[in-house]
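S.K.: Dropping a structure here in structure tokens format, bear with me for questions.
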Amino acid sequence: MSMLGPWVFLPGHVAGPAMVGLGATKGYVMLWQVVSIVVYTVFTGLLAAGLIGWAARAGVEASLPGAF
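Its first residue numbered 1, the sequence shown is counted upward by one per residue in the UniProt record's numbering.
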């Protein structure tokens, strides 16, 4: 539930107590919450880096105020 939660718009503060209520231990729930956060952070970072790299290679210029 921790890994699939963001894909089905199920927030962690709802999923965690639900998993404990269904019989999972608190430690197990915390472990999977941490794994989920790390995986999604790495995925988002790589996606952002890839998009920024693609934009730079394509010659897209930043149009945001304060962009270099």
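Glycine included, C-beta positions come from ideal geometry on N, C-alpha and C.
Taking just the CA atoms, how far does V42 sit from A56?
M.R.: In a straight line, the C-alpha of A56 is about 21 Å away from that of V42.
S.K.: From which residue to which residue does the alpha helix (DSSP H) around P17 run?
M.R.: 12-21
S.K.: Looking only at its chain, what residues have a beta carbon closer than 7 Å to the beta carbon of K26, apart from the 5 residues adjacent to it on each side?
M.R.: V20
S.K.: Taking the beta carbon of G50 as the centre, do at least 16 other beta carbons fall within 10 Å, making it buried, or is it exposed?
M.R.: exposed
S.K.: For G45, which three-state DSSP category applies?
M.R.: helix
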